[in-house]
Amino acid sequence: GDSVTQMEGPVTLSEEAFLTINCTYTATGYPSLFWYVQYPGEGLQLLLKATKADDKGSNKGFEATYRKETTSFHLEKGSVQVSDSAVYFCALISTGGVDSSYKLIFGSGTRLLVRP
Amino acid sequence: NAGVTQTPKFQVLKTGQSMTLQCAQDMNHNSMYWYRQDPGMGLRLIYYSASEGTTDKGEVPNGYNVSRLNKREFSLRLESAAPSQTSVYFCASSLEGGRSYGYTFGSGTRLTVV
């Protein structure tokens with residue numbers, strides 16, 4: 003079945019460091035790919051998305067490119083801030099079910115801790 | 125615009141008790157979902173409702189029931205709570221299945237079963 007694999011955390015960085023969180027997926031067809039962020043004690047917020055191959059999603063300085071040839075959607079940011087400390091989830095939606103309902107499938111999440 | 129509203133935010137139950145988690149959205153979304161979040165396991169789909177009047181099982185439906193009361197509301201019921209159901213529960217909704225815009229999530233219900 004469809005699945006998402008993320009790098010294990012926690013990832014600890016100093017402020018202004020470069021961030022990469024790896025994400026690879028397994029899916030039939032052409033899934034849509036997402037990154038969600040969860041700040042402590044809160045729900046999940048959509049960070050960015052890409053709906054077809056070679057699309058680049060971007061938001062708040064974060065970027066991720068949909069690479070079909072490597073089935074990857076790695077999250078990057080050039081200079082992290084303390085306020086970026088959160089849990090980041092990679093996710094995909096693929097087609098599924100006779101009811102045509104799409105299902106969002108998550109990776110296990112990667113905790114990012116940014117130190118001043 | 126409230127988005128997705130979940131109640132309650134926190135709940136402690138004794139083993140065997142029942143309760144209903146409430147969820148409402150005001151975005152005119154067709155599809156709604158219930159997930160549970162456990163440490164190291166990401167979010168797992170419990171039940172979903174593709175449209176008003178329909179519900180279907182997700183990955184981990186055992187011990188739960190749902191009701192799609194109308195287009196806005198989708199409730200999750202635990203008939204006889206067990207310690208294994210201690211988790212954070214998230215409700216979500218989507219427009220047209222979420223493929224273009226993803227899901228919108230509520231702020232969660234933290235449930236502890238003792």
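As given, the protein sequences belong to chains B and S, one line each in that order. According to the numbering used here, the residues represented by the first sequence are 3 to 118, in order. According to the numbering used here, the residues represented by the second sequence are 125 to 238, in order. Even glycine gets a Cβ: it sits at the ideal position worked out from N, Cα and C.
- In this structure, B/L106 lies away from B/Y27, with their beta-carbon atoms at least 8 Å apart.
- Selection B/Q8, B/V13, B/D57 evaluated against B/V84 yields B/V13 as nearest (Cα-Cα).
- Below 8 Å, too few C-beta pairs join the segment 194 to 214 of chain S and the segment 31 to 40 of chain B to call them touching: fewer than three.
- In the three-state DSSP reduction, S/Q209 falls in the helix class (H, G or I).
- Of all C-beta pairs linking the segment 130 to 144 of chain S to the segment 175 to 186 of chain S, fewer than three are shorter than 8 Å, placing the two stretches out of contact.
- In the three-state DSSP reduction, S/E197 falls in the strand class (E or B).
- Secondary structure note for B/R113: its beta strand (DSSP E) is the uninterrupted segment 112 to 117.
- Contact check for B/S74 and B/K51: beta-carbon distance about 15 Å, past the 8 Å limit, so the pair fails to qualify.
- DSSP places B/G59 within a strand segment (E or B) once states are collapsed to three.
- Residues of the segment 216 to 231 of chain S with a C-beta less than 8 Å from any C-beta of chain B: A216, S218, G221, G222, R223, S224, Y225, G226, Y227, T228, F229, G230, S231, listed in chain order.
- Rounded to the nearest angstrom, the Cβ distance from B/F108 to S/G166 is 4 Å, consistent with a contact under 8 Å.
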